[in-house]
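Per the working numbering, the sequence shown runs over residues 30 to 542.
Even for Gly, the Cβ is constructed at its ideal location relative to N, Cα and C.
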Amino acid sequence: MQNEKILVLDFGGQYNQLIARRVRECNVYCEVHPYNMSIEKIKEYNPKGIIFTGGPNSVYGEDSPQCDKEIFNLGYPILGICYGCQLTAFTLGGVVEHATVSEYGKTMLNTDKTSVLFKNVKEETSVWMSHTDFVSKAPIGFKITAYTKDCPIAAMENENRKIYAVQFHPEVMHSEEGMTMLRAFVYDVCNCQGDWKMADFAQSTIEQIKAKVGKGKVLCALSGGVDSSVAAVLLSKAVGEQLTCVFVDHGLLRKNEGDEVETVFGPNGHYKLNFVRVNAQERFYEKLKGVTEPERKRKIIGEEFIRVFEEEAKKIGSVDYLVQGTIYPDVIESGLGKSATIKSHHNVGGLPSVVDFREIIEPLRLLFKDEVRKVGLELGIPEYLVYRQPFPGPGLGIRIIGEVTAEKVKIVQDADYIYREEIAKAGIDKDLGQYFAALTNMQSVGVMGDERTYDYAIALRAVMTSDFMTADWARIPYDVLDIISRRIVNEVKGVNRVLLDCTSKPPATIEFE
Ligand code: XMP
């Protein structure tokens with residue numbers, strides 16, 4: 030499938046992925062590449078347009094990322110955002126200055142309606158600003174097309190050369206008409222037609238996999254999460270019986286989850302997959318006995334997962350292809366990011382070295398999460414699976430603080446089940462980003478009936494987030510919390526107290542360990 034493409038050049042800003050997602054929301058395919066992509070590579074890539082992202086540097090900084098001036102002469106339309114705007118000005122002979130005070134937050138933007146970027150937005154519209162440096166003089170040939178009270182050149186353009194630059198961030202939702210501006214760039218400046226559709230993606234991916242795999246054997250680690258489920262169904266539509274899915278139940282899944290996965294993907298399910306369920310609960314509990322350190326727990330669960338998977342793979346014999354549910358943010362982050370490891374994430378990343386196979390197939394490698402969901406719906410996967418909350422690979426193992434035991438797993442499963450049931454009943458499940466119950470390692474005194482109790486405290490976690498990198502704690506109504514708390518204490522043996530986690534990320538993380 031040959032799509033028209035927009036190229037996002039990454040100058041290190043925090044909203045890079047968001048820009049690409051927004052372009053794709055306009056039905057135009059888009060990829061993020063490092064800012065120093067060579068001119069030859071760019072020409073080979075042949076984008077319909079290029080977007081320069083923001084970034085933390087100053088164009089005058091010693092190590093600041095720069096671009097080859099030649100890029101402006103290639104004839105591709107360019108949109109510079111924030112740092113990208115300053116870099117455009119600086120490279121083309123304008124002046125960038127350092128302000129004494131940063132402009133940060135929502136600001137009113139006054140727009141020139143004769144600009145193609147602003148023709149469909151209000152004359153005064155609110156946008157999100159986050160900068161210290163600013164363009165004080167536009168390069169020759171550029172017209173100033175927007176200003177704010179503190180920023181005289183908030184947008185500038187050279188219509189003939191199709192070079193546009195904005196100091197604010199149209200990609201973030203706080204810019205109320207940002208999408209309209211991006212759409213105008215993509216459609217009216219770059220002349221895209223909007224040929225990126227998920228139905229086409231699913232169909233063409235199935236055809237490509239068919240052609241590639243031929244009569245080969247394919248193995249997939251299925252977790253029941255949205256990514257691996259969509260990958261498995263794509264593969265099964267392409268190669269049917271040649272695919273075997275292995276589902277490892279590590280005993281750290283949510284209540285009933287193992288059976289739910291089996292119902293959908295097992296032999297009696299809709300997809301008629303070769304489905305192998307491995308009930309490995311006891312093995313995992315045994316390995317986790319006495320272990321309290323979070324990173325150690327994560328490592329043990331990850332390693333044991335690989336061992337179990339390896340044993341099953343051996344039974345199947347050598348395979349030609351291994352399927353992984355890698356998605357685009359994983360690709361971008363591992364390719365460009367330099368961020369510190371806060372937690373070692375466990376997905377199936379460790380598998381390749383232990384399974385004898387020829388090649389990896391990653392059918393979702395180019396998709397963002399919301400696109401994976403759309404493909405899932407196209408493939409007829411039930412909505413409750415497609416919109417399921419993210420669930421970490423180590424599962425409840427990192428929602429039980431301290432040592433993991435079968436008894437504690439049961440407690441947190443039951444509490445979490447009640448929590449989810451009541452949130453759904455209250456009709457707020459779709460409003461929350463992620464929510465779950467965790468078992469603290471705190472025991473405290475309570476009174477039930479006339480009896481003294483000395484039991485565990487359950488912590489309720491709920492966050493609002495769009496990217497899971499930052500999150501705000503969710504304000505669940507008190508009356509809903511009241512029902513949840515009463516039910517948990519009454520119905521879950523071993524719990525006498527319910528606590529609410531009202532910390533955002535940062536400084537906390539979403540999970541507890
Ligand atoms: P944290 O706790 O790092 O979580 O704020 C951010 C998001 O990542 C999920 N998470 C994981 N997902 N393997 C995964 O596949 C992991 O080891 C893992 N740890 C955290 C978490 O549920 C949240 O959505």
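Check	Outcome
Nonlocal neighbours in the same chain, by C-beta distance under 8 Å from residue 322, ignoring five residues either side	none
Check: residue 538 C-beta below 6 Å from any heavy atom of the ligand XMP	yes
Coarse secondary structure for residue 172, derived from DSSP in three states	strand
For residue 106, the nearest candidate out of 490, 128, 146, 441 (CA to CA)	146
Proximal residues to residue 402 (C-beta, below 6 Å), its chain only, five neighbours per side dropped	415
Which listed residue (57, 461, 124) has its alpha carbon closest to that of residue 88	124
Cβ pair residue 468, residue 262 closer than 7 Å	no
Nearest candidate by alpha-carbon position, reference residue 312, set 435, 120, 155, 154	435
Residue 136, enclosing alpha helix (DSSP H) - first and last residue	Segment 124–140 is the beta strand (DSSP E) holding residue 136; no alpha helix (DSSP H) there.
DSSP three-state assignment for residue 46, whether helix, strand or coil	helix
Opposing strand residues paired with residue 491 [DSSP bridges]	464
Beta-bridge partners of residue 187, as assigned by DSSP	192
Residues of its chain near residue 447, where Cβ-Cβ distance is below 6 Å and the 5 sequence neighbours each way are ignored	516, 517
Burial state of residue 545, where buried means 16 or more other Cβ atoms lie within 10 Å	Residue 545 lies beyond the residue range present for the chain, which begins at 30 and ends at 542; the question has no answer from this structure.
Residue of 480, 466, 465, 484 minimising C-alpha distance to residue 473	484
Ranges of the alpha helix (DSSP H) found wholly within the segment 310–334, counting only runs of at least 4	310–317
Three-pair Cβ contact test at 8 Å for the segment 439–455 versus the segment 289–308	no
As assigned by DSSP and simplified to three states, the class of residue 35	strand
Straight-line gap, residue 223 to residue 489 (C-alpha atoms, nearest Å)	43 Å
At least three beta-carbon pairs within less than 8 Å, the segment 151–169 to the segment 125–143	yes
Check: residue 419 C-beta below 6 Å from any heavy atom of the ligand XMP	yes
Minimum C-alpha distance to residue 522 - residue among 439, 454, 540	439
Distance cut-off 6 Å: residue 497 Cβ against heavy atoms of the ligand XMP	yes
Backbone secondary structure at residue 211 - three-state DSSP	helix
Cβ contact (3+ pairs, closer than 8 Å) linking the segment 89–100 and the segment 108–123	yes
Residues that residue 299 bridges to, as DSSP identifies them	The partner list for residue 299 (beta bridge, DSSP) is empty, contrary to what the question assumes.
CA-to-CA distance, residue 179 to residue 161, given in whole angstroms	11 Å
DSSP three-state assignment for residue 477, whether helix, strand or coil	strand
Residue 330 vs residue 426 beta-carbon contact at 7 Å	yes
Coarse secondary structure for residue 542, derived from DSSP in three states	coil
Beta-carbon spacing of residue 225, residue 57 below 7 Å	yes
Cβ-Cβ distance between residue 257 and residue 251 below 7 Å	yes
Residue(s) in a DSSP beta bridge with residue 154	138
Whole-Å CB distance - residue 201 paired with residue 47, under 8 Å assumed	7 Å
Residues near residue 295 by beta carbon distance below 8 Å, same chain, minus five either side	302, 304, 306
7 Å Cβ cutoff met for residue 441 and residue 430	no
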